[in-house]
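Single-structure report; data block below.
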Amino acid sequence: MSALRTVARLALGVAMVGAGVGHLTVQREEFQAQVPSWFPIDKDVTVLASGVVEIALGAAFIALPKHKRVIGVVLALFFVVIFPGNIAQYLEGKDGFGLDTDEKRLGRLFFQPVLILWALYGGGHLRRRKKMELPKG
């Protein structure tokens, strides 16, 4: 695996652990702004549970490099699953993490695909395929 891919994996793992810890501690209220009003589970329970999942995924991405491909896909799927919360934050006009205008909340939506690609890249996906050479002779 390339050094850049390893750095990407480790950086995303550390970021996920940090975000997860934030869910459980000082940023709980901020993360609650991303829970849609229509979501059927209590906002605080949702934030706490997602924080535990983020810590687990981040730690696994760091500590289990042999499983990076599977973990990268699971992380990418996690980012897809939580995306409706980001959309709801925009549509409902909820402030959180300095996203206090519609423009900022809309801009945040475009970062989610970056996270998905980052998880896949760090997991060893999105590689260029080597050109197949025909045997000489």
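Residue 113 in our numbering sits at position 86 of the sequence shown; the count goes up by one each step and never skips. Glycine included, C-beta positions come from ideal geometry on N, C-alpha and C.
| Near Thr73, what residues of its chain come up, given a Cβ to Cβ distance below 7 Å and the 5 sequence neighbours on each side ignored? | Val62 and Phe66
| query | Can you find a CB in chain C that lies within less than 9 Å of the CB of Gln59? | reply | Absence of chain C from the displayed structure is noted, only one protein chain being present.
| Whose C-beta lies closer than 8 Å to the C-beta of Leu75 among residues of the same chain, with five residues either side of it excluded? | Correct list, in chain order: His50, Leu51 and Arg55.
| query | Which of helix, strand or coil does DSSP assign to Asp69? | reply | coil
| query | Just checking, does the segment 84-102 make contact with the segment 32-52 on the three C-beta pairs under 8 Å criterion? | reply | Under the 8 Å Cβ criterion, the segment 84-102 counts as touching the segment 32-52, having at least three qualifying pairs.
| message | Below 8 Å on the Cβ atoms is my contact criterion, and I expect Leu126 with Arg135 to pass it. Report the Cβ-Cβ distance as a whole number of Å. | response | 6 Å
| query | Nearest-angstrom Cα distance between Pro98 and Asp122? | reply | Residue identity check: residue 98 is Ile in the sequence provided, not Pro. Their Cα atoms are separated by approximately 31 Å.
| What is the DSSP secondary structure of Lys163, reduced to helix, strand or coil? | coil
| request: Enumerate in chain order the residues of its own chain whose CB-to-CB distance from Ile89 is below 8 Å, with the five nearest sequence positions on each side excluded. | output: Arg36, Leu37, Gly40, Val41 and Val44
| message | Check this for me: beta carbons of Ala103 and Leu144, under 9 Å apart or not? | response | yes
| query | On the three-state DSSP scale, how would you describe Ala60? | reply | coil
| message | Would Gln116 and Ala60 be called neighbours here (beta carbons separated by less than 9 Å)? | response | yes
| When you compare only the Cα positions, how much space is there between Gly78 and Val48? | 6 Å
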